[in-house]
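Visitor: Numbering (the UniProt record's numbering), first residue to last: 1 to 260.
#1: Quick check: what's the CA-CA separation for residue 229 versus residue 117?
#2: Flag this pair as yes or no: are the beta carbons of residue 75 and residue 121 separated by less than 9 Å?
#3: What is the rounded straight-line gap between the Cα of residue 198 and the Cα of residue 128?
#4: Taking 8 Å as the cut-off, is the beta-carbon of residue 142 closer than that to any non-hydrogen atom of the ligand COA?
#5: At the level of alpha carbons, what is the spacing between residue 57 and residue 105?
#6: Smallest Cα separation from residue 63: which of 88, 134, 110, 141?
#7: Count the other CB atoms within 10 Å of the CB of residue 20; is the residue buried (16 or more) or exposed (fewer)?
#8: Return helix, strand or coil for residue 233, following the three-state DSSP convention.
#9: Quick check: what's the CA-CA separation for residue 82 versus residue 22?
#10: Using three-state DSSP, classify residue 216 as helix, strand or coil.
#11: Suppose contacts are defined by Cβ-Cβ distances below 9 Å. Is residue 205 in contact with residue 188 by that definition?
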């Protein structure tokens with residue numbers, strides 16, 4: 001698993017934070033579990049996946065569902081073995097609640113699934129806890145309603161330039177409302193997947209990543225992909241070199257790497 005993680009993390013960092021890549025990775029890891037340590041490694045991997053791709057409004061639920069199914073299968077195994085399941089059951093409930101706290105397109109379906117699941121798995125859950133979950137879901141659905149027009153417009157539009165313009169308005173809205181940086185980054189990734197040659201959007205993304213992301217590797221990864229997609233735009237190269245110096249990755253070897 002250690003070798004696998006190193007290889008796949010490197011590939012994911014170069015590909016961008018797409019739901020599909022993460023989903024393939026976690027499913028591959030789940031299918032290759034052999035030891036208890038592997039189970040913990042997969043959990044760490046799922047946490048990384050939901051942190052970078054779990055807020056994708058239209059596809060993020062795919063990651064959450066895979067994570068939840070993984071943990072629920074472990075719960076079912078423990079129940080079959082007749083051992084204490086309280087901790088594992090709490091993990092499953094926590095995953096439901098975390099997903100239901102995010103404005104994803106299938107929030108209502110997930111909530112219905114939780115009600116069905118909890119009726120058999122959590123017969124003694126306090127009514128106050130269920131009320132709190134219901135209130136959280138209502139808040140999430142209200143937030144989802146505020147961005148649904150953007151998602152609907154993206155689904156109905158077939159024109160690339162129109163889609164990118166919708167994404168730009170969408171990004172501006174999320175910034176104005178002070179939404180979490182990763183949520184905005186996912187929108188940049190989605191927009192640039194539509195038109196990876198938009199040099200000004202790449203530059204805007206680089207500036208945003210530098211201001212709001214804590215990971216130097218992530219910021220420099222964005223820079224690397226920006227110059228790879230728009231090698232003619234000198235400002236992207238200038239920003240990349242500047243940020244390499246800022247994050248202390250401007251050695252002779254590093255500089256040679258961007259020139260070849």
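Positions of the beta carbon are idealized from the N, C-alpha and C atoms, including for glycine. Just so it is clear, the structure is predicted and the values come from calculations on it, not from any experiment.
Guide: The relevant details are as follows:
#1: 46 Å
#2: yes
#3: 50 Å
#4: Among the components modelled here there is no ligand, and therefore nothing to report on the ligand COA.
#5: Computed Cα separation, rounded: 6 Å.
#6: 110
#7: exposed
#8: coil
#9: 33 Å
#10: It is helical.
#11: yes
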